[in-house]
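Sequential numbering of the sequence shown, starting at 1, is according to my numbering. We put the CB at the ideal spot given by N, CA and C, even for glycine. It should be emphasised that the depicted structure is a prediction, and the values quoted were computed from it without experimental measurement. What follows is a short report on a single structure.
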Amino acid sequence: MPKMRAVDAIVLILEKEGATEAFGLPGAAINPLYSAMKAHGGIRHTLHRHVEGASHAADGYSRATGKIGLCLGTSGPAGTDMITGLYAAIADSIPMLCITGQAPTSVLHKEDFQAVDIESIAKPVTKYASTVLEPGLVPGTFAKAFQIMRSGRPGPALIDLPINVQMAEIDFDIDAYEPLPVQQPQATRGQAEKIVDLLLSGSKPIIIAGGGIINANASEQLVQLAEELNIPVSPTLMGWGVIPDDHRLQSGMVGIQTHTKYGNASFLESDVVLGLGNRWANRHTGALDTYRAGRKFIHVDIEATQIGRVFSPDLGIVSDAKAAIEVILEVVRERKAAGTLPDYSAWADECTARKSTGHRKTNFENIPIKPQRVYQEMNAAFGQDTTYVSTIGLSQIAGAQMLHVYKPRNWINAGQAGPLGWTGPAALGVVRGKPGQKVVALSGDYDFQFMIEELAVGAQFKLPYIHVVVNNSYLGLIRQSQRPFEMDYHVSLGFDNINSPETNGYGVDHVKVAEGLGCKAVRIEDPSQLADGFAKAGALAAEHQVPVVVEVILEKVTNIAMGAQLDAVNEFEDLAVEPDDAPTALVPLGAAATVGA
Ligand SMILES: Cc1ncc(C[n+]2csc(CCOP(=O)(O)OP(=O)(O)O)c2C)c(N)n1
Ligand SMILES: [Mg+2]
């Protein structure tokens, strides 16, 4: 067998496993791996300005492509910086491989400089974390990490490499290395019969389509299933895009925050629910008594211990989403051919017709701009191929209520962990994964200020995207959640900026900061300028190949619709009373008569 340094073997393994996109930054304890990458030349590396940013970029890349992004850093604080990234990835079932350098094995117990037990720290937020103590274990550790990341419910891994282990010579032949097999649980024909029997026992069945369908690349099959059955589908926040928003059977998102009114209304009418690759997240279900009342539930998930975690379904099946949908389709098609499939067209048409009701007003002319108008203008400006990236805040919630998504992997959102600062670096990873495609990030001002230095990464590496920053000069979501406490305490970001009086007490001058980091930026204060602003941003991104920030100065206080249970969502703002109040709604207000046809 050829002899080589362990790090040279690692690079060959990464290449063979198809993980060739790295985001990170070097330090002394990881320099050997960087030397192997330099010599090999097949791993593209993007140099970040913060390791947490690199971890979110790797996560964004994985979400955009379905491949495994790499995050690299040195010992000590680099690994601890990755922990938020690992949490965001595991919380949303995203595979991503973090690799850290480590002090030599001989001093691990001696409080050596930047030696921290990252294996222990990372364990709760990874599927697998290991400090490799023997050079000979390096290939096997990588093989196992890839197998675990890909098996069952996907998730991230961390491999920690003491510097002497990296430098050690091992016997290694890449031609003798093969990625380990990955086995997913597959629903059987008998299980599918049971699913179909229970689903069709209802008169108003509905499918809740989760992110597991995106991970399984099964969106096409899901749409086929909905069409064969002719029943509505509600995507979850993680599943958004599995069925195009304008498909007649897409009945609207359900939730107490990210939802449509018609989506909740149709769900509340349903009597049997088939959850596919979803987790009954609490921002989806709201209070469980309301969510479950009068309904039977079928839950299909790849991870056995997800079944019954939130509530016990009437039928739980452990299966990969694609395998389950395919065998369910087989049963459904046979029953259709035999003429034993119920006719759900009245129910389906009712849900389709409901899409022309309950719209929230978006067409405001106010200055300062109301946020609803921003999403209306984004719908008008950005085409169906756009990939949106967002994280958390009123901005994300209102965006998910009002924007439209048409394809899987076109809504990239840290749905469960929601770490502020994720949006920008994740968008850079998405651009790496989808070169040449339109990527639009959406941040509140506070989300944007976390990890703002990562804009320089986009400028240095020519990673163009549009970053819409809706600036209310507030921790808006937290301001709103302080209302029951009757306080507005440490949630304002406003101050008089002595260098930028034109910011009028809103505080940070995002345009100057973005320009200072090598990007382009436009500020918009009049809603009639939004369309031009987005067009200009697109042109600037194309011309300069850098991130372009569109800062929109919002009114400071807008409360966004939310509640504790699906049938009691509080509306704080106007609803549309005529079609022109919500001109970019998927189905115009009141157009019900024509929809069912
Ligand atoms: C690291 C981190 N700390 C705190 C929070 C809690 N949090 C959620 S939203 C939010 C405010 C977000 O403000 P901004 O980004 O301006 O969005 P807005 O709600 O104003 O649209 C905070 C503090 C979080 N999600 N992540
Ligand atoms: Mg804000």
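Are there 16 or more other CB atoms within 10 angstroms of the CB of residue 109, so buried, or fewer, so exposed? Counted from its first residue, the sequence shown places residue 109 at position 109. Burial call: exposed.
Using only alpha-carbon positions, find the residue among 561, 575, 498, 357 that is nearest to residue 589. Position 589 of the sequence shown holds residue 589. Closest by alpha carbon: 357.
Beta bridge counterpart(s) of residue 570 as assigned by DSSP: Taking the sequence shown and counting its residues from 1, one reaches residue 570 at position 570. BP columns for residue 570 point to 562.
Quick one: measure Cβ to Cβ for residue 155 and residue 64, integer angstroms, because I've assumed they're closer than 8 angstroms. Start at 1 with the first residue of the sequence shown, and residue 155 comes out as number 155. Start at 1 with the first residue of the sequence shown, and residue 64 comes out as number 64. With a Cβ gap of about 17 angstroms, residue 155 and residue 64 do not count as contacting.
Taking the alpha carbon of residue 214 as the point to measure from, which residue in 463, 9, 238 has its own alpha carbon closest? On the sequence shown, residue 214 is found 214 positions in, with the first residue counted as 1. Residue 214 has its Cα closest to that of 238, out of 463, 9, 238.
Could you tell me the distance, in whole angstroms, from the CA atom of residue 22 to the CA atom of residue 101? In the sequence shown, the residue the question calls residue 22 occupies position 22. In the sequence shown, the residue the question calls residue 101 occupies position 101. Distance between the alpha carbons of residue 22 and residue 101: 15 angstroms.
Would you list the one or two residues that DSSP bridges to residue 169? As a position in the sequence shown, residue 169 is number 169, starting the count at 1. Paired residue(s): 5.
In the DSSP assignment, find the unbroken beta strand (DSSP E) run with residue 383 in it and report its ends. Within the sequence shown, numbered from 1, the residue matching residue 383 stands at position 383. Unbroken run through residue 383: none, as it is neither H nor E.
Applying the criterion that 16 or more other CB atoms from any shown protein chain within 10 Å of the CB defines a buried residue, is residue 235 buried or exposed? Counting from 1 along the sequence shown, the entry for residue 235 is found at position 235. When all chains shown are included, residue 235 counts as buried.
Considering only their Cβ atoms, is the gap separating residue 233 from residue 208 smaller than 9 angstroms? Residue mapping note: residue 208 aligns to position 208 of the sequence shown, counting from 1. Residue mapping note: residue 233 aligns to position 233 of the sequence shown, counting from 1. Yes, the pair counts as a contact, with Cβ atoms nearer than the cut-off.
Take the Cβ of residue 593 as the centre, count every other Cβ of all protein chains shown within 10 Å, and call the residue buried at 16 or more, exposed below. Working through the sequence shown from its first residue, we reach residue 593 at position 593. Its pLDDT being 47, under 50, residue 593 is placed unreliably in this model, and the value from its coordinates should be taken loosely. It counts as exposed.
Where does the unbroken alpha helix (DSSP H) through residue 347 begin, and where does it stop? Residue mapping note: residue 347 aligns to position 347 of the sequence shown, counting from 1. Its alpha helix (DSSP H) spans residues 345-354.
Measure the Cβ-Cβ separation of residue 86 and residue 158 and say whether it is below 9 angstroms. Residue mapping note: residue 86 aligns to position 86 of the sequence shown, counting from 1. Residue mapping note: residue 158 aligns to position 158 of the sequence shown, counting from 1. Yes.
Local Cβ density within 10 Å of residue 93, reported as buried at 16 or more and exposed below that: Taking the first residue of the sequence shown as position 1, residue 93 is located at position 93. By the 10 Å Cβ count, residue 93 comes out buried.
Secondary structure at residue 510, three-state DSSP: helix, strand or coil? Locating residue 510 in the sequence shown gives position 510, counting from the first residue. Note: residue 510 maps to helix in three-state DSSP.
Of the choices 308, 304, 315, 4, whose alpha-carbon is the least far from that of residue 297? Here residue 297 corresponds to residue number 297 of the sequence shown, with the count starting at 1. Here the closest residue by C-alpha is 315.
Would you check if there are 3 or more beta carbon pairs closer than 8 angstroms linking the stretch 568-582 to the stretch 333-340? no
Work out the CA separation of residue 171 and residue 507 for me, nearest whole Å. For the purposes of this step, residue 507 is identified with residue 507 of the sequence shown, where counting begins at 1. For the purposes of this step, residue 171 is identified with residue 171 of the sequence shown, where counting begins at 1. Distance between the alpha carbons of residue 507 and residue 171: 59 angstroms.
Run of the beta strand (DSSP E) containing residue 189, from where it starts to where it stops: Position 189 of the sequence shown, counted from the start, is the residue given in the question as residue 189. Note, residue 189: premise wrong, no beta strand (DSSP E); alpha helix (DSSP H) at 189-200.
Helix, strand or coil for residue 458, going by three-state DSSP, please let me know. Residue numbering aside, residue 458 sits at position 458 when the sequence shown is read from its first letter. Here residue 458 sits in helix by DSSP.
So, at 8 angstroms on beta carbons, what are the nonlocal neighbours of residue 379 in its own chain, with the 5 sequence-adjacent residues on each side left out? Stepping through the sequence shown from its first residue, residue 379 is reached at position 379. Correct list, in chain order: 402, 403, 404, 584.
From 177, 246, 112, pick the residue whose C-alpha is nearest to that of residue 609; which is it? Residue 609 is absent from the structure shown; the chain starts at 1 and stops at 597.
Less than 9 angstroms between the C-beta atoms of residue 536 and residue 522, yes or no? Here the question's residue 536 lines up with position 536 in the sequence shown. Here the question's residue 522 lines up with position 522 in the sequence shown. Yes, Cβ-Cβ distance for residue 536 and residue 522 is below 9 angstroms.
With a threshold of 8 angstroms on Cβ separation, who are the neighbours of residue 40 within its own chain once the five nearest residues in sequence on each side are excluded? Translated into the one-based positions of the sequence shown, residue 40 becomes position 40. These residues qualify, in order along the chain: 8, 11, 12, 15.
Rounding to the nearest angstrom, what Cα-Cα distance links residue 449 and residue 548 in this structure? Position 449 of the sequence shown, counted from the start, is the residue given in the question as residue 449. Position 548 of the sequence shown, counted from the start, is the residue given in the question as residue 548. Using only the alpha carbons, I get a separation of about 15 angstroms.
Excluding five sequence neighbours on each side, which residues of the same chain lie with their C-beta closer than 7 angstroms to the C-beta of residue 473? Position 473 of the sequence shown, counted from the start, is the residue given in the question as residue 473. Correct list, in chain order: 445, 492, 493, 494, 506, 507, 556.
In whole angstroms, what is the alpha-carbon distance linking residue 479 and residue 355? Sequence index remark: in the sequence shown, residue 479 carries index 479 (1-based). Sequence index remark: in the sequence shown, residue 355 carries index 355 (1-based). Going from the Cα of residue 479 to the Cα of residue 355 covers about 31 angstroms.
Quick one: does the C-beta of residue 86 sit closer than 8 angstroms to a heavy atom of ligand 1? Along the sequence shown, read from residue 1 onward, the residue named residue 86 stands at position 86. For ligand 1, not one heavy atom lies less than 8 angstroms from the Cβ of residue 86.
Environment of residue 481 [buried if 16+ CB atoms lie within 10 Å]: The residue given as residue 481 occupies position 481 in the sequence shown. Exposed: under 16 other Cβ atoms inside 10 Å.
To the nearest angstrom, how far is it from the Cα of residue 49 to the Cα of residue 520? Reading the sequence shown from its first residue, position 49 is the one you call residue 49. Reading the sequence shown from its first residue, position 520 is the one you call residue 520. Going by the C-alpha atoms only, they are around 18 angstroms apart.
Given residue 202, which residues of its chain have a CB within under 6 angstroms of its CB, disregarding the five upstream and five downstream residues? The sequence position of residue 202 within the sequence shown is 202, counting from 1. Correct list, in chain order: 271, 272.
Got a sec? Which residues, its chain only, sit under 8 angstroms from residue 526 by beta carbon, not counting five neighbours each side? Counting from one through the sequence shown, the residue named residue 526 turns up at place 526. Within the same chain, residue 526 has close Cβ partners 367, 369.
Distance check for residue 45 and residue 542, CA to CA, integer angstroms please. Reading the sequence shown from its first residue, position 542 is the one you call residue 542. Reading the sequence shown from its first residue, position 45 is the one you call residue 45. About 23 angstroms.
Where does residue 469 fall in DSSP's three states? Position 469 of the sequence shown holds residue 469. Residue 469 falls in the strand class under three-state DSSP.
Taking the straight line between their C-alpha atoms, what separation do you get for residue 364 and residue 204? Here residue 364 refers to the residue found at position 364 of the sequence shown. Here residue 204 refers to the residue found at position 204 of the sequence shown. Computed Cα separation, rounded: 37 angstroms.
Is there at least one non-hydrogen atom of ligand 1 closer than 8 angstroms to the beta-carbon of residue 419? For the purposes of this step, residue 419 is identified with residue 419 of the sequence shown, where counting begins at 1. Yes; taking the cut-off as 8 angstroms, the Cβ of residue 419 has a heavy atom of ligand 1 nearer than that.
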